[in-house]
Amino acid sequence: MSVEFAAFCELHEPRYRSYARVWFQEPGAAHRVVRLALRTLAEVWPAVLESPNPAAAAWQILRDTVTEQHALAGAERLRPDVDADEDLAILHYVVGLATPEIADVVGVDTANITSQLRQTHRRRATDW
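Just so you know, the sequence shown maps onto residues 0 to 127 in numbering that gives the first Met the number 0.
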């Protein structure tokens, strides 16, 4: 494991686990899904580092792994078709991350996160 990858995991794994717990109520399941995503990320880490936005590439791997494992578990509590704006809302309103933290996790600038959260809040306020 490279130093860069270890540092990335140390920074992002707790946030990833908090997100996964929204999908998998049992903490052990959320932990396993995040570890699976990080193993997948480790396999492509050099390519991720060379990508224009490593945080966004890593987030997509996590998101894909969560969606896949959620479907395999036959879970029905949350929809597997949650879109990117709803992911931001989950990270902000459910997980409790501030917009700079969300920007760091998903690889998007803070202003964009703020704008998307406002739009999502207007659209979905009655659903929460």
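Each residue gets a CB set at the ideal place from its N, CA and C atoms; glycine is no exception.
How should Gln115 be labelled, buried or exposed, when 16 other C-beta atoms within 10 angstroms of its C-beta is the threshold for buried? Along the sequence shown, one-based indexing puts residue 115 at 116. Per the 10 Å Cβ criterion, buried.
Where does Val81 fall in DSSP's three states? Walking along the sequence shown from the start, residue 81 turns up at place 82. In the structure shown, the three-state DSSP call for Val81 is coil.
Give the range of the alpha helix (DSSP H) segment to which Ile101 is assigned. Here residue 101 refers to the residue found at position 102 of the sequence shown. Counting along the chain, the alpha helix (DSSP H) containing Ile101 begins and ends at Thr98 to Val105.
Give me the Cα-Cα distance between Ala57 and Arg122, rounded to the nearest whole angstrom. By 1-based counting over the sequence shown, the position of residue 57 is 58. By 1-based counting over the sequence shown, the position of residue 122 is 123. C-alpha separation (whole angstroms): 27 Å.
Measuring CB to CB, does Val65 end up less than 8 Å from Val32? If you number the sequence shown from 1, residue 65 lands on position 66. If you number the sequence shown from 1, residue 32 lands on position 33. Yes.
Between Asp108, Arg14, Arg20 and Ala41, which has its C-alpha nearest Asn52's C-alpha? Counting from 1 along the sequence shown, the entry for residue 52 is found at position 53. Selected option, being the one with the closest Cα: Asp108.
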